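Residues 1428 to 1579 (the numbering used here) are what the sequence shown spells out, left to right.
To keep things clear, I will list the structure first and then write my remarks on it.
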Amino acid sequence: MKGKRTSFEKSACAIARSVGEIGDWWSLLIVRNAFYGTRRFSDFQKRLGLAKNILAARLKKLVDEKILEMIPASDGSAYQEYVLTEKGRDLHVIIVALWQWGEKHTFEPGELRASMVDSKRHEVLLPVVLKAADGRELDGYGFEWQQYEATQ
C-alpha cells in the first residue's frame, strides 16, 4: 500500500519546497540532460534508459512546475520539445554544485569520470562557494536560518 505523499508547498523551508517541485532523482537527471541540450521525449528516454510511463510522468510534473516548457519542434516537425524555462535555467547552480560534490565524494581514485568545463575556454570550473555579503567564503556552519515574509 502506498502512503500519501507529503506536500511541502506551505513549508517555510525553501529546501523542502524545492524538493517538492523537483520531485526525485529522475527529475534532476532530466533537468541535467536538458542542460546538455536534450529536448525530445525519445532522446530523454534513450539517454536515461527510463521507462516511458515514468519519463512521461516526470516530464509532466516538470512542465506543471514550470521548470520545463513544451514548444514546437525546432526542425518544424509535428513533435514537441522540452526546454528549460527561466525557473529551470536557474537550477544551473544546483546542478553544478551537486556535480562538484559528486566528483569529490563518490568516485574512487582511477575511476573514469566526466568533468564540467567552461564552454568557451575548456577549463575546469572552480568549486561553487557560498559567500557572505562582504565576500567572505562561508562553510557549512557559517550561516543560520531565519524566517521572513517573502516579498516576491
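Glycine included, each C-beta is placed from N, C-alpha and C at the ideal position.
None of the values given here were measured: they were computed from a predicted structure.
Can you list, in chain order, the residues of its chain with a C-beta nearer than 7 Å to that of Tyr-1506? Leave out the 5 residues immediately preceding and following it. Arg-1467, Ala-1500
Quick check on the DSSP output: the beta strand (DSSP E) that includes Ile-1494 runs from which residue to which? For Ile-1494, there is no enclosing beta strand (DSSP E), as DSSP marks it with neither H nor E.
In terms of residue numbering, what span does the alpha helix (DSSP H) encompassing Val-1523 cover? 1519-1532
What residue from Val-1520, Leu-1557, Asp-1561, Ala-1560 has the CA that sits closest to Met-1543's CA? Val-1520
Please state whether the Cβ-Cβ distance between Glu-1496 and Glu-1448 is less than 8 Å. Taking 8 Å as the Cβ cut-off, Glu-1496 and Glu-1448 do not qualify as a contacting pair.
In terms of residue numbering, what span does the alpha helix (DSSP H) encompassing Leu-1539 cover? For Leu-1539, there is no enclosing alpha helix (DSSP H), since its DSSP letter is neither H nor E.
Three-way DSSP call (helix, strand, coil) for Lys-1558 in this model: It is a strand residue.
Neighbourhood of Gln-1574 by C-beta distance below 7 Å, restricted to the same chain and skipping five residues each side: Ala-1439
Looking at the structure shown, is Val-1477 part of a helix, part of a strand, or coil, going by DSSP? One detail in the question is off: residue 1477 reads as Leu in this sequence, not Val. DSSP places Leu-1477 in coil when its eight states are reduced to three.
Just the C-alpha distance for Ala-1484 and Phe-1462, rounded to the nearest angstrom, thanks. 19 Å
Please return the same chain residues whose Cβ sits closer than 6 Å to the Cβ of Val-1551, not counting the five positions on each side in sequence. Ser-1542, Val-1544.
Let me check one thing: in DSSP terms, what residues is Gln-1574 bridge-paired to? Paired residues: none, contrary to the question.
From what residue to what residue does the beta strand (DSSP E) around Glu-1508 run? Per DSSP, Glu-1508 is one residue of the beta strand (DSSP E) stretching across 1507-1511.
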